[in-house]
Amino acid sequence: MTSTNGILAFGAYVPIRRLQRSAIYQANAWFAAGLRGLAAGERSVANWDEDPITMAVEAARDCLTGLDRDTVSAVTLASTTLPYADRSNAGVVKEALNLRTNIGAGDVTGSLRCATSALIQALTGEPGRLVLASDLRKARAASEGELQQGDASAAILTGQGDVIAKFLGHYSATVDFVDHYRATGNDFDYTWESRWIRDEGYTAILGKALTEGLAALGVTGADIDRAVIPIPLRGVPEGLARVAKIKPEALQDNLVSVLGDSGAAHPLILLTAALEAAKPGEKILLAGFGQGADLLLFEATEALAKLPARMGVKGSLARARKDTNYMRFLFHRGILQVERGMRAEADEKQPGTTLYRNRKAVLGLVGGRSAKTGAVQFPKSDISVSPNDRAQGDQEDYPLAEKRAKITTYTADSLSYSPDPPVYYGAIDFEGGGRLVAEFADCAPEDVEVGREMRMVFRIKAVDDLRDFTKYFWKAVPVNAGES
Amino acid sequence: MPRGIKDKVAILGMGCAKFGERWDKDADSLMVEAFNEAIGDAGIDVSQLDAAWLSVAFDAVNIGPSGIPLATALRLPNIGVTKVENYCASGTEAFRGAVYAVASGAADIALALGVEKLKDTGYGGLPVRTRGTTFDMVGVTGSAPGNFAQLAAAYRNKHGVSKEELKRAMAHVSVKSHANGAKNPKAHLQKAVDMDTVLNAPMIAEPLGLFDCCGVSDGAACAIVTTPEIARALGKQDIVTVKALQISTSNGWELQASGWDGSYFHTTRVAATKAYEEAGVTNPREQISLMEVHDCFSITELVTMEDLFISKEGEAYKDVLDGFFDADGKVPCQIDGGLKCFGHPIGASGLRMIYENYLQLLGRAGARQRSNPPSLALSHNLGGSPIQNVSAVAIVGLADA
Chain X
56 MTSTNGILAF GAYVPIRRLQ RSAIYQANAW FAAGLRGLAA GERSVANWDE DPITMAVEAA
116 RDCLTGLDRD TVSAVTLAST TLPYADRSNA GVVKEALNLR TNIGAGDVTG SLRCATSALI
176 QALTGEPGRL VLASDLRKAR AASEGELQQG DASAAILTGQ GDVIAKFLGH YSATVDFVDH
236 YRATGNDFDY TWESRWIRDE GYTAILGKAL TEGLAALGVT GADIDRAVIP IPLRGVPEGL
296 ARVAKIKPEA LQDNLVSVLG DSGAAHPLIL LTAALEAAKP GEKILLAGFG QGADLLLFEA
356 TEALAKLPAR MGVKGSLARA RKDTNYMRFL FHRGILQVER GMRAEADEKQ PGTTLYRNRK
416 AVLGLVGGRS AKTGAVQFPK SDISVSPNDR AQGDQEDYPL AEKRAKITTY TADSLSYSPD
476 PPVYYGAIDF EGGGRLVAEF ADCAPEDVEV GREMRMVFRI KAVDDLRDFT KYFWKAVPVN
536 AGES
Chain A
8 MPRGIKDKVA ILGMGCAKFG ERWDKDADSL MVEAFNEAIG DAGIDVSQLD AAWLSVAFDA
68 VNIGPSGIPL ATALRLPNIG VTKVENYCAS GTEAFRGAVY AVASGAADIA LALGVEKLKD
128 TGYGGLPVRT RGTTFDMVGV TGSAPGNFAQ LAAAYRNKHG VSKEELKRAM AHVSVKSHAN
188 GAKNPKAHLQ KAVDMDTVLN APMIAEPLGL FDCCGVSDGA ACAIVTTPEI ARALGKQDIV
248 TVKALQISTS NGWELQASGW DGSYFHTTRV AATKAYEEAG VTNPREQISL MEVHDCFSIT
308 ELVTMEDLFI SKEGEAYKDV LDGFFDADGK VPCQIDGGLK CFGHPIGASG LRMIYENYLQ
368 LLGRAGARQR SNPPSLALSH NLGGSPIQNV SAVAIVGLAD A
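Those protein sequences? They're chains X and A, same order as listed.
First residue of the first sequence: 56, per my numbering; consecutive thereafter.
First residue of the second sequence: 8, per my numbering; consecutive thereafter.
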């Protein structure tokens with residue numbers, strides 16, 4: 056099969072904290088000493104104010120670096136942990152990215168293979184599709200999943216023209232193989248014996264798909280320069296490569312030791328890592344596994360070299376902070392209840408009418424700029440805040456999310472309730488104008504000082520526990536050395 | 008410039024409940040306690056009141072809406088009661104209502120009463136509450152210490168003061184207020200503390216430690232005002248009049264534009280400038296005898312000394328460390344212990360400040376009476392946070408001052 060579509064850009068996001076698996080193991084060894092074999096390395100953990108939507112937004116922003124956002128024709132969000140069962144999660148992402156309104160948006164879910172399936176749909180559809188994969192899975196304390204999983208998101212923009220990788224074709228197989236499942240509304244997976252999954256799932260189903268798929272795509276295993284086989288079980292990708300006659304050196308590192316298995320996001324995370332390392336002309340094979348398998352074949356092009364710098368997987372993995380606070384992780388995942396105190400009882404009810412009226416400001420961080428004076432402000436108002444000019448009704452949309460800012464005032468507040476105390480906040484001034492009192496996320500004491508450079512991230516502001524509604528807004532994070 | 012309020016209104020009587028954790032009292036009883044003292048001082052009957060203003064900031068966890076709770080607690084003779092709320096400046100706002108009513112001639116005698124019952128919330132500090140449906144989506148509500156703490160970083164950066172030196176100056180503010188509060192039988196906190204205790208206290212919101220923060224209290228305070236002529240006709244010998252009464256309200260400039268650097272209170276400078284003009288004060292550092300300012304946090308008091316033009320900009324921390332504002336200093340500040348120790352029942356605080364100034368002017372402040380007889384006393388009552396607030400400045404003085 057041939058197609059003129061290909062990959063135009065990629066992006067990735069990995070939360071900054073890396074929980075040391077040894078800390079998880081040490082806390083649970085009394086109960087599950089057998090986990091010792093999984094206790095090496097570290098896994099990424101999302102902060103309390105992140106979810107698959109916010110992580111997808113960050114990967115998407117990374118992917119769209121330097122691009123005109125009006126070229127995006129549709130957004131697809133693939134995840135097995137979507138926050139909303141009936142409210143377009145991709146629609147929230149669309150607002151956060153401040154994309155034009157006349158585009159499509161949809162969620163895909165239901166299997167760890169949903170992102171590769173979505174990518175096939177995008178690559179065989181109209182150009183300009185933004186495919187996002189993001190998962191934030193929960194696992195019980197002292198489970199294998201707790202040690203093996205990681206939180207991350209990735210983004211691929213498909214389309215035509217100056218593609219960085221040509222799409223050469225795809226192959227899919229579907230089998231109701233229930234290695235694990237999670238019923239709707241449940242938090243945790245129910246998982247069958249790993250030896251059976253290895254033999255009858257990975258080896259039999261994915262092995263067969265690889266053999267048949269490569270043949271259908273008109274290539275042999277030896278033609279593959281980079282093979283992305285996102286299976287977290289040690290030795291399995293190597294065994295599959297052997298069966299498919301793929302060179303051992305073509306196997307991409309599955310990043311389990313430094314990130315963990317990021318679920319539905321993992322195939323796109325590893326594809327992104329492969330593209331970051333690829334040379335023009337290299338053939339890249341991407342596999343997805345879950346109730347069957349997907350295979351996608353790409354060929355890297357010369358355009359790779361022209362892609363503007365971005366965080367990607369490499370940058371996201373470099374931006375890491377070691378974490379040994381297992382208790383905080385349990386609390387942030389909702390597994391451990393701590394005494395939050397009465398200050399946490401504040402009602403967070405969000406009027407739908409108010410949010411809808413202000414959605415550009417709240418979800419898109421769009422402020423206003425006076426056409427007459429150029430004064431920038433957030434949020435917009437009928438009468439300009441400028442003390443020198445009462446210009447009325449002349450403010451045009453002025454997106455602030457991609458502007459850098461500097462700290463003007465700050466504090467570290469230990470009194471206000473926060474799931475991650477102390478909560479840092481203060482006034483920041485944007486390059487080019489505009490001021491915001493913002494919460495600072497992912498902050499350490501050494502990160503705050505007047506004049507410190509910050510950038511904006513899309514996060515959870517608060518959760519209305521009474522009505523199960525998540526309130527999103529933007530927060531500032533410190534710009535770290537080396538960040539573009 | 009309007010003609011202003013100077014000497015048009017006199018204070019006929021004032022009262023103040025004991026501030027503190029009044030576990031045994033409802034707001035009604037606190038109002039009665041303050042009112043009984045004030046009406047006794049005024050020497051009038053309740054039937055002579057023409058109008059009343061009630062200030063409460065946190066009515067939702069307190070007395071509820073409207074002026075009815077005041078009318079009911081005091082069994083007022085069906086006069087008009089206006090409930091006002093203007094953050095922590097509510098007390099001065101109620102005073103302004105009563106004073107303006109008398110000045111206009113619409114009322115001969117008017118009552119301003121502030122009350123707050125905060126120790127029914129179940130936790131220390133101010134209650135968490137909404138700032139409105141639009142703000143709640145994009146704003147940071149924060150805690151009061153968190154909001155005010157931000158002054159410190161901006162101030163030391165602007166003026167080149169080290170963290171340690173500023174922290175010491177802030178600690179001196181609190182040590183001084185504790186020393187003063189120890190002499191005040193109505194104060195919530197009546198215990199002196201030393202520098203080390205303040206400096207080593209647990210951090211609440213960096214760089215504010217526990218002793219940099221005032222607590223919250225139950226309490227009530229009230230003023231009965233009339234014209235100087237009626238006061239004299241009622242037999243008053245020493246008359247305290249209102250010299251200036253100014254309130255300045257943020258319009259979003261500090262919050263949304265970029266001209267404000269975070270180190271001072273824009274509104275206090277506006278209110279102080281207008282108040283001095285209204286009172287005819289040209290050199291406040293020399294002319295103001297004593298001050299009650301809104302020392303919700305030590306850093307607030309410190310920068311307010313500059314915003315009231317008592318200290319030069321960037322030099323308040325030196326004046327503080329020099330003892331300029333101590334009880335025996337040049338211009339005592341918080342001679343009653345301030346919000347820090349007298350306590351901070353929000354709606355009552357502005358009236359409590361005027362109460363102390365009134366007592367000091369009349370020489371009735373007991374053990375804490377300023378030896379050098381004061382003639383002009385300023386109170387500064389602030390609501391909100393540095394970046395968005397209501398700042399009230401009231402100057403009262405002896406009628407002939």
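The C-beta atom is built at its ideal place from N, Cα and C for all residues, glycine as well.
As the structure is a prediction and not an experimental result, all values here were calculated from the model.
- Judged by DSSP in its simplified three-state form, X:R168 adopts coil rather than helix or strand.
- By the Cβ test, the segment 89-107 of chain X is in contact with the segment 63-77 of chain X, since at least three Cβ pairs between them sit closer than 8 Å.
- For the C-beta of X:F528, the chain A residues within less than 8 Å are, from N- to C-terminus, M144 and V145.
- For the segment 259-293 of chain A, the set of residues with a beta-carbon nearer than 9 Å to any beta-carbon of chain X comprises G259, W260, E261, L262, Q263, A264, S265, G266, W267, D268, G269 and S270, in chain order.
- Nearest CB-CB separation between X:M397 and chain A: below the 8 Å threshold.
- Cβ neighbours of A:L215 within its own chain (closer than 6 Å, five residues either side excluded): P152, A156 and F304.
- In the structure shown, the three-state DSSP call for X:Y411 is helix.
- Shown here, A:V232 sits in a strand according to DSSP, grouped into three states.
- Restricting attention to A:M202, A:L346 and A:L158, the CA atom closest to the CA of A:H179 is found in A:M202.
- Check the Cα spacing between A:A264 and each of X:G423, X:T156 and X:L174: the tightest is with X:G423.
- Your pair X:L362 and X:I279 does not check out as a contact, with CB atoms roughly 22 Å apart and the cut at 8 Å.
- A straight line joining the alpha-carbon of A:G390 with that of X:A140 spans about 43 Å.
- Among the residues facing chain X, A:T234 is not included, as its CB has no counterpart in that chain under 8 Å away.
- A:N164 reaches chain X at V505, counting residues in chain order whose Cβ is nearer than 7 Å.
- A contact between stretches requires three or more CB pairs, one per stretch, nearer than 8 Å, and the segment 383-402 of chain A meets this requirement with the segment 244-262 of chain A.
- Between X:K302 and X:E331 a beta carbon distance of about 20 Å is seen, past the 8 Å cut, so the two are scored as non-contacting.
- The C-alpha of X:H225 is placed about 41 Å away from the C-alpha of X:R459.
- Considered as a whole, the segment 352-422 of chain X harbours 367-373, 381-387, 407-412 and 414-419 as its complete alpha helix (DSSP H) runs of no fewer than 4 residues, in chain order.
- Around the beta carbon of X:Q81, fewer than 16 other beta carbons sit within 10 angstroms, so the residue counts as exposed.
- For A:G354, the closest of A:E100, A:E28, A:F42 and A:F272 by C-alpha to C-alpha distance is A:E100.
- Nearest CB-CB separation between X:L470 and chain A: below the 8 Å threshold.
- Using a Cβ-Cβ distance cut-off of 8 Å, the segment 315-333 of chain X and the segment 184-199 of chain X are in contact, since at least three pairs of beta carbons, one from each stretch, lie closer than that value.
- DSSP places A:F42 inside the alpha helix (DSSP H), whose first and last residues are A34 to A49.
- Per DSSP, X:W103 has no beta-bridge partner at all.
- A:L196 has its alpha-carbon roughly 42 Å from the corresponding atom of X:T525.
- The beta carbon of X:T463 lies closer than 8 Å to those of G481, A482, I483, D484, R490 and V505 in the same chain, with the five residues before and after it left out.
- X:A94 and X:A197 have their C-alpha atoms spaced approximately 11 Å apart.
- By DSSP's assignment, X:W529 forms a beta bridge with X:F513.
- Under the DSSP definition of a beta bridge, A:N396 partners with A:G391.
- Not a single CB atom of chain X sits nearer than 8 Å to the CB of A:E320.
- One Cα belongs to X:E357, the other to X:L185, and the distance between them is close to 22 Å.
- Closest in alpha carbon position to A:T307, among A:A323, A:Y94 and A:V145, is A:A323.
- Closest by C-alpha distance to X:K415, out of X:L154, X:N83, X:C118 and X:T120, is X:L154.
- Judged by DSSP secondary structure, A:K183 falls within the alpha helix (DSSP H) whose first and last residues are K170 to G188.
- Beta-bridge partners assigned by DSSP to X:A482: X:V492.
- Contact between the segment 160-167 of chain A and the segment 260-274 of chain A is present: three or more C-beta pairs spanning the two stretches fall below 8 Å.
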